[in-house]
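Chains as they are written, first to last, in the working numbering: chain H, 1 to 325; chain V, 1 to 325.
To start, the structure under review is shown below, and the notes come after it.
Protein chains: 2
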Amino acid sequence: MKALVTGSSGFIGSHIVDELLKRNYEVIGLDNLSTGIRRFLDDARKNEKFYEVESDILKFEDLCNCMQGVDIVYHMAANADIRGGTEDTKIDLEQNTIGTYNVLEAMRLSKSSSRICFASSAAALGEPESFPTPEDLPNPIQTSLYGASKLACEGLVSAYCNAFDMEGYCFRFVSLLGPRYPHGHVFDFVKKLKNDSSKLEILGDGTAQKSYLHINDCISALMLICEDLRPAKDLDNSFEIFNLGMEEYIEVSESAQLIVNELGLKPEFYFGHGKRGWVGDNPFVLLDISKIKKLGWKPRNTIKESIKETTNWLIQNEWIFDERV
Amino acid sequence: MKALVTGSSGFIGSHIVDELLKRNYEVIGLDNLSTGIRRFLDDARKNEKFYEVESDILKFEDLCNCMQGVDIVYHMAANADIRGGTEDTKIDLEQNTIGTYNVLEAMRLSKSSSRICFASSAAALGEPESFPTPEDLPNPIQTSLYGASKLACEGLVSAYCNAFDMEGYCFRFVSLLGPRYPHGHVFDFVKKLKNDSSKLEILGDGTAQKSYLHINDCISALMLICEDLRPAKDLDNSFEIFNLGMEEYIEVSESAQLIVNELGLKPEFYFGHGKRGWVGDNPFVLLDISKIKKLGWKPRNTIKESIKETTNWLIQNEWIFDERV
Numbered sequence: 001m002k003a004l005v006t007g008s009s010g011f012i013g014s015h016i017v018d019e020l021l022k023r024n025y026e027v028i029g030l031d032n033l034s035t036g037i038r039r040f041l042d043d044a045r046k047n048e049k050f051y052e053v054e055s056d057i058l059k060f061e062d063l064c065n066c067m068q069g070v071d072i073v074y075h076m077a078a079n080a081d082i083r084g085g086t087e088d089t090k091i092d093l094e095q096n097t098i099g100t101y102n103v104l105e106a107m108r109l110s111k112s113s114s115r116i117c118f119a120s121s122a123a124a125l126g127e128p129e130s131f132p133t134p135e136d137l138p139n140p141i142q143t144s145l146y147g148a149s150k151l152a153c154e155g156l157v158s159a160y161c162n163a164f165d166m167e168g169y170c171f172r173f174v175s176l177l178g179p180r181y182p183h184g185h186v187f188d189f190v191k192k193l194k195n196d197s198s199k200l201e202i203l204g205d206g207t208a209q210k211s212y213l214h215i216n217d218c219i220s221a222l223m224l225i226c227e228d229l230r231p232a233k234d235l236d237n238s239f240e241i242f243n244l245g246m247e248e249y250i251e252v253s254e255s256a257q258l259i260v261n262e263l264g265l266k267p268e269f270y271f272g273h274g275k276r277g278w279v280g281d282n283p284f285v286l287l288d289i290s291k292i293k294k295l296g297w298k299p300r301n302t303i304k305e306s307i308k309e310t311t312n313w314l315i316q317n318e319w320i321f322d323e324r325v
Numbered sequence: 001m002k003a004l005v006t007g008s009s010g011f012i013g014s015h016i017v018d019e020l021l022k023r024n025y026e027v028i029g030l031d032n033l034s035t036g037i038r039r040f041l042d043d044a045r046k047n048e049k050f051y052e053v054e055s056d057i058l059k060f061e062d063l064c065n066c067m068q069g070v071d072i073v074y075h076m077a078a079n080a081d082i083r084g085g086t087e088d089t090k091i092d093l094e095q096n097t098i099g100t101y102n103v104l105e106a107m108r109l110s111k112s113s114s115r116i117c118f119a120s121s122a123a124a125l126g127e128p129e130s131f132p133t134p135e136d137l138p139n140p141i142q143t144s145l146y147g148a149s150k151l152a153c154e155g156l157v158s159a160y161c162n163a164f165d166m167e168g169y170c171f172r173f174v175s176l177l178g179p180r181y182p183h184g185h186v187f188d189f190v191k192k193l194k195n196d197s198s199k200l201e202i203l204g205d206g207t208a209q210k211s212y213l214h215i216n217d218c219i220s221a222l223m224l225i226c227e228d229l230r231p232a233k234d235l236d237n238s239f240e241i242f243n244l245g246m247e248e249y250i251e252v253s254e255s256a257q258l259i260v261n262e263l264g265l266k267p268e269f270y271f272g273h274g275k276r277g278w279v280g281d282n283p284f285v286l287l288d289i290s291k292i293k294k295l296g297w298k299p300r301n302t303i304k305e306s307i308k309e310t311t312n313w314l315i316q317n318e319w320i321f322d323e324r325v
């Protein structure tokens, strides 16, 4: 079996590469290294079944070349910086919507791979009013260009699956945690404290409530659905969306306290105003994960343990702060 | 007041131009004339408050130039050929998704217009299971790249309204009818019968059930919401989606019979197989229009009268068949 992983040097992508190699897959990793981190694939590179291509999903010809003989595509390449979308309004359209169109079109033309695993996001649900938020929330009002692009991508995957007999799985992730997580609040807080351990500035008033998911639980869900069960392989039902998260959540201020405790620091906290850290920030994230739980998956890590583990991984891998300017 | 109408030489666009001129608006019409029809604006061109620009929403600079001093944008330019989307998979992405991004971005940069009326489609709801189909249908499975692109556009309008204090109205139209309608089943049937009045070939088995809307009812709905009421002008609720259709529907075979009666012909009917005329064709279209009815709108034309009127308009304006090859 052969897989293409786009965004292979990214946080989720690199973990998928490692898992697929463990499963004895041949793996092609495609990354433009705009935000990917080369060192994440140091282990994978030792495996002769891993091939690395430094290119971009916007380079259609390269993408088509990568598609030969591929059985499944894990499409993780994306702009993941939600906040930046209001400044550079084109990035989500290009990297996410157009990039995903390219991946689907290259799959269609290759006639090789017809199965896609797509990294969507809880952000595609906008700012919902129902908690825990189910997959089938009607008409989410989009609060970010990032969320709008992820919803657009889901629609593209759905339409391609319907029109061209493809098999598609979209996963709406909450924010993740765990080794290699190179952005998000733990990364930001640890980085700020490394620069000045006497204070910690928090965007928003600290009362936002967020659910998270450990990367290992994320990978186990993807593998269960896309490799082991494949509930959509019956063509009558060729497209599935799954929420992925935990059934618990934590306030940003409590999360910050856990991090400073783990670091053994006692900084002064400075809070912003309002629940939202920025335009498009979601003050409450909690997904209904019963759909995938019914298929036999459940998260094994708690949020608190995951935050501590992420903090410790960052301290032990301080080189990562130099990689991400 | 000044409006920009994109797709101004198209079916809906040209009717909007006429209506806005009646309302004493200054109107800029932008059309690339790829499917627009120059003669539709013959009356408008006599009005000195009408300015015409032959360009494309993909030409960003032209679009920005059109935006100066504009109060509202009626964004109707789009690829409307649902069937063609599986052959030329890029057209819906470019003409619809990227085009709509360009319109929104030009509005944002112009700082002039912050109000947009967007032509979405019942196709954005995919192939729903609930009838009449409400606006808040959860997670529609997309059955066409056209539908996926319209859903993507709605998401973009929603995100721009949220992030940049804009006011957006999306209308999900069923198929329209009335003077100037240059595609759809009435056009196709009349065109086929003009070539050979002895037979009429129908895609699908003729049992598909479709709701339609007369262009005059469509325009009255757009004007009520976007000009007269503006229910989203309160910024807490800056984005609204409305279904637009009739509360009745008709079978394709009955519709065909009405058309041949109106033409005084007795062709032999040849039917295809299955309810769907093509991949992505929707065998039942009936939208729940109670949301906009509560605001005071209702359709004044029946489907049967509208089909007859459309047929007669086509006979009296046979030049249109030469315009559309």
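Every residue gets a Cβ at the ideal spot worked out from N, C-alpha and C, and that includes glycine.
Contact belief for residue i with residue j at Cβ below 8 Å, rounded distance in angstroms
i: V:MET246; j: V:ILE202; result: At roughly 22 Å, the Cβ-Cβ gap does not stay under 8 Å, so V:MET246 and V:ILE202 are not in contact.
i: V:GLY84; j: V:SER144; result: Actually they are not in contact, since the Cβ atoms of V:GLY84 and V:SER144 sit about 10 Å apart, beyond 8 Å.
i: V:ILE150; j: V:ALA208; result: A small fix is needed here, since residue 150 of chain V is Lys in this sequence, not Ile. So it is not a contact: roughly 20 Å between Cβ atoms.
i: V:ILE219; j: V:ILE72; result: The pair is not a contact, with the Cβ atoms about 14 Å apart (cut-off 8 Å).
i: V:LEU244; j: V:ILE315; result: That belief does not hold up - the Cβ atoms of V:LEU244 and V:ILE315 are roughly 27 Å apart, past 8 Å.
i: V:GLY147; j: V:SER158; result: The pair is not a contact, with the Cβ atoms about 17 Å apart (cut-off 8 Å).
i: H:ASN96; j: H:ALA78; result: 5 Å
i: V:GLY210; j: V:TYR249; result: First, the amino acid is wrong: residue 210 of chain V is Lys here, not Gly. So it is a contact: roughly 6 Å between Cβ atoms.
i: V:MET67; j: V:ALA106; result: 5 Å
i: H:PHE284; j: H:PHE189; result: The Cβ separation is near 20 Å, so there is no contact.
i: H:ILE241; j: V:ASN139; result: 6 Å
Minimum C-alpha distance to residue i - residue among the options
i: V:GLY126; options: V:LYS49, V:GLY280 and V:TRP297; result: V:GLY280
i: V:ILE215; options: V:TYR181, V:GLY69 and V:THR100; result: V:TYR181
i: H:LEU33; options: H:VAL17, H:ASP56, H:VAL186 and H:ASN65; result: H:ASP56
i: V:LYS90; options: H:ASN79, H:VAL103 and H:GLY204; result: H:VAL103
i: H:CYS64; options: H:CYS117, H:ALA221 and H:ARG108; result: H:ARG108
i: H:MET170; options: H:ASP196, H:ASP136, H:VAL190 and H:ASP62; result: For the sequence presented, residue 170 of chain H should be read as Cys rather than Met. That would be H:ASP136, whose Cα lies nearest to the Cα of H:CYS170.
i: V:LEU286; options: V:PHE321, V:CYS226, V:GLY184 and V:VAL174; result: V:VAL174
i: V:VAL70; options: V:LEU224, V:LYS191 and V:THR6; result: V:THR6
i: V:ASN24; options: V:ARG38, V:GLU48, V:ARG39 and V:ILE37; result: V:GLU48
i: H:GLU154; options: H:SER197, H:THR100 and H:ALA106; result: H:THR100
i: H:ASP217; options: H:CYS161, H:ARG300 and H:TRP319; result: H:ARG300
i: H:ASP228; options: H:ALA106, H:GLY10, H:TRP297 and H:ILE82; result: H:TRP297
i: V:ILE28; options: V:THR35, V:LEU200, V:PHE189 and V:TYR74; result: V:TYR74
i: V:ASP92; options: H:HIS183, H:ALA152 and H:GLY36; result: H:ALA152
i: V:SER306; options: V:LYS111, V:LEU177 and V:GLY13; result: V:LEU177
i: H:GLU254; options: H:HIS185, H:CYS226, H:SER290 and H:ASP88; result: H:HIS185
i: H:PHE164; options: H:LYS111, H:PRO140 and H:ILE141; result: H:LYS111
i: V:MET1; options: V:ASP205, V:LYS194, V:SER113 and V:ASP81; result: V:SER113
i: V:GLY13; options: V:PRO267, V:LEU235 and V:PRO179; result: V:PRO179
i: H:PHE239; options: H:PHE189, H:PRO132 and H:MET166; result: H:MET166
i: H:ASP42; options: H:LYS59, H:SER8 and H:LEU58; result: H:SER8
i: V:ASP322; options: V:GLU26, V:GLU87, V:LYS194 and V:ILE141; result: V:LYS194
First and last residue of the uninterrupted alpha helix (DSSP H) at residue i
i: V:CYS117; result: That residue, V:CYS117, is in no alpha helix (DSSP H); its beta strand (DSSP E) goes 115 to 121.
i: V:HIS185; result: 184 to 195
i: V:GLY29; result: That residue, V:GLY29, is in no alpha helix (DSSP H); its beta strand (DSSP E) goes 26 to 31.
i: V:LEU105; result: It is worth fixing the name first, because residue 105 of chain V is Glu in this sequence and not Leu. Counting along the chain, the alpha helix (DSSP H) containing V:GLU105 begins and ends at 99 to 110.
i: V:LEU145; result: 145 to 164
i: V:LYS291; result: 290 to 293
i: V:GLU309; result: 303 to 316
i: H:PHE339; result: Lying before the first or after the last residue shown, residue 339 of chain H is absent from chain H, which here runs from 1 to 325.
i: H:PHE131; result: Looking at the DSSP string, H:PHE131 is not in any alpha helix (DSSP H), and its letter there is neither H nor E.
i: H:GLU323; result: 319 to 323
i: H:GLU19; result: 11 to 22
Span of the beta strand (DSSP E) around residue i
i: V:ARG172; result: 167 to 173
i: V:ALA3; result: 2 to 6
i: H:HIS214; result: 212 to 214
i: H:PHE50; result: 50 to 54
i: H:LEU200; result: 199 to 202
i: H:VAL73; result: 72 to 75
i: H:PHE40; result: Where H:PHE40 is concerned, there is no enclosing beta strand (DSSP E), given that its DSSP letter is neither H nor E.
i: H:GLU268; result: 268 to 271
> Of all the alpha helix (DSSP H) runs that stay within the bounds of the stretch 221 to 265 of chain H, which reach a length of 4 or more residues?
Replying inline: 252 to 263
> Does the stretch 296 to 312 of chain V come close enough to the stretch 253 to 264 of chain V that 3 or more CB-CB pairs lie under 8 Å?
Replying inline: yes
> If you pair each beta-carbon of the stretch 20 to 35 of chain V with each one of the stretch 112 to 131 of chain V, do three or more pairs fall below 8 Å?
Replying inline: no
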